[in-house]
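K.L.:
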C-alpha cells in the first residue's frame, strides 16, 4: 500500500515517468489458479501498480526480472571451499520445512556443513525456531526483504549494488529518451541561406 501511495504521489506531482523497483513482488507465486475460483493475486497487484501510475511493473507494461545470482555467487566463492562443496536444490520454495529436512538428510549422508541459500528470507510462523533447531550451519538470504529476522544462523548478502545499478541505468535511459522528446530551439531547426 505504501508503494501505491508513493507512486500516486509521484504521478500527481507530475513526474514524467515512474519506475517501480520491487525486490520482492507480492503474491508472485500466485500467478495462476491452483483451484477453482482462486484469485490470481499477482495480477491484482499488477493492476493496482499500473492504476497508481507506474509505467513499468508487471504483465501489460515492460518488466525486468532481476536475479541476485552475481551476489550469491560472490558469497559462495568467498565463504565456501569449491573443492569440498556440493550444491543441492530440494525444491523451488521453502514450504513445509523442506530446507530443514534436506539439511538433516545431507548431514545423515556425511555433509559437515549445510548452508541454505534463498533469495527472499520470508520467514513466517515457526521458521526461525525451525532454523535454530535444524542442523543447518546457516541460512543465507539477501537483504531484499523488508524484515530480515534476527537469528544467529542467518547470513545476509547485500544486493544494494544490483539495485543501485538498476537506478543508474534507468536514469541513463531516461536521459537518452529525453533527447528525443526535448523541443529544439527554432534557431537549431533551420538554416539561413547565405
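Numbering (this note's numbering), first residue to last: 12 to 205. Every residue gets a Cβ at the ideal spot worked out from N, C-alpha and C, and that includes glycine.
List the endpoints of the continuous beta strand (DSSP E) containing residue 150.
P.N.:
Looking at the DSSP string, the run of the beta strand (DSSP E) that includes residue 150 is 149 to 153.
K.L.:
Tell me whether residue 44 sits in a helix, a strand or coil according to DSSP, three-state version.
P.N.:
Residue 44 falls in the coil class under three-state DSSP.
K.L.:
What first and last residue would you give for the alpha helix (DSSP H) that runs through residue 128?
P.N.:
Note, residue 128: premise wrong, no alpha helix (DSSP H); beta strand (DSSP E) at 126 to 129.
K.L.:
Along the chain, where does the alpha helix (DSSP H) that runs through residue 142 open and close?
P.N.:
Where residue 142 is concerned, the enclosing alpha helix (DSSP H) stretches over 138 to 144.
K.L.:
Contact between the stretch 123 to 131 and the stretch 147 to 154: three or more CB pairs below 8 Å?
P.N.:
A contact exists between the stretch 123 to 131 and the stretch 147 to 154.
K.L.:
Can you say whether residue 100 is buried or exposed, counting buried as having 16 or more other CB atoms within 10 angstroms of its CB?
P.N.:
Residue 100 should be labelled exposed.
K.L.:
With DSSP run on the structure shown, which of helix, strand or coil describes residue 112?
P.N.:
Note: residue 112 maps to helix in three-state DSSP.
K.L.:
I need the straight-line Cα distance from residue 45 to residue 142, nearest angstrom please.
P.N.:
Taking the straight line from one Cα to the other gives about 28 Å.
K.L.:
Quick one, are the C-beta atoms of residue 110 and residue 145 less than 9 Å apart?
P.N.:
Yes, the Cβ-Cβ distance between residue 110 and residue 145 is below 9 Å.
K.L.:
For the stretch 111 to 120 and the stretch 161 to 172, state whether three or more C-beta atom pairs, one from each stretch, are separated by less than 8 Å.
P.N.:
Touching, no, given that fewer than three Cβ pairs across the two stretches are closer than 8 Å.
K.L.:
Return helix, strand or coil for residue 202, following the three-state DSSP convention.
P.N.:
At residue 202, the pLDDT of 36 sits below 50, so the modelled position is not reliable; the number obtained from the coordinates is stated separately. It is coil, neither helix nor strand.
K.L.:
For residue 79, count neighbouring C-beta atoms within 10 Å of its own C-beta (all shown protein chains included) and say buried if the count is 16 or more, exposed if not.
P.N.:
Looking at its Cβ environment, which holds 16 or more other Cβ atoms inside 10 Å, residue 79 is buried.
K.L.:
Pop quiz: residue 32 and residue 177 are said to be a contact at Cβ under 8 Å. What is the actual Cβ separation, rounded to whole angstroms?
P.N.:
6 Å between Cβ atoms; contact.
K.L.:
Quick one: what does DSSP say residue 167 is sitting in, helix, strand or coil?
P.N.:
Note: residue 167 maps to strand in three-state DSSP.
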